[in-house]
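If you're matching positions, the sequence shown starts at 1448 in this note's numbering and goes up one per residue.
No residue lacks a Cβ here, since even glycine has one placed at the ideal position from N, Cα and C.
Each remark here refers to the structure printed beneath this line.
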Amino acid sequence: MKTIPFPTFRAAALLLPAAAGTAAHAQAPTPGFTPCAACHATAPGKTSFGPNLRGVAGRKAASLPGYSYSPALKASGLTWDAATLDRWLTAPQKLVPGTKMPFPGIPDATRRRQVVDYLLSLR
């Protein structure tokens, strides 16, 4: 059996977490994101019931190709930034009446902020 010299193993242990972090550029999902993950993918190129949320920061609402958005969201003129995501996640139907997203919102401001921060990290 071939053995790996301890200094090599130690260097790999120190470097691999850094490499993994730079590859994704996203923080770990917050527990508040669990209901979102039931319908939304975040991995590059993945699709789900709802539109993929990777790269949502700075994206115009209803602009991701390949998803059938509601006319209401298409006409909303929204661009996803921290403030807009916070308002959306508070009460989607209130912000955009007629949206297809069947989600009541996240009433807890701290939990909502954690989800917004996570979404903004998905670059």
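Simplified DSSP state of residue i, which is helix, strand or coil
{"i": "Lys1507", "result": "strand"}
{"i": "Thr1489", "result": "coil"}
{"i": "Thr1526", "result": "strand"}
{"i": "Pro1551", "result": "coil"}
{"i": "Arg1570", "result": "coil"}
{"i": "Arg1501", "result": "coil"}
{"i": "Thr1557", "result": "helix"}
{"i": "Val1563", "result": "helix"}
{"i": "Pro1482", "result": "helix"}
{"i": "Thr1546", "result": "coil"}
{"i": "Ala1519", "result": "helix"}
{"i": "Pro1476", "result": "coil"}
{"i": "Thr1494", "result": "coil"}
Local Cβ density within 10 Å of residue i, reported as buried at 16 or more and exposed below that
{"i": "Pro1554", "result": "exposed"}
{"i": "Ala1508", "result": "buried"}
{"i": "Pro1575", "result": "With the chain running from 1448 to 1570 in the structure shown, residue 1575 is simply not present."}
{"i": "Gly1545", "result": "exposed"}
{"i": "Gly1524", "result": "exposed"}
{"i": "Phe1480", "result": "buried"}
{"i": "Arg1501", "result": "buried"}
{"i": "Thr1489", "result": "buried"}
Continuous alpha helix (DSSP H) stretch holding residue i: start and end
{"i": "Ala1512", "result": "The displayed chain sequence assigns Pro, not Ala, to residue 1512. Run containing Pro1512: none; DSSP gives neither H nor E here."}
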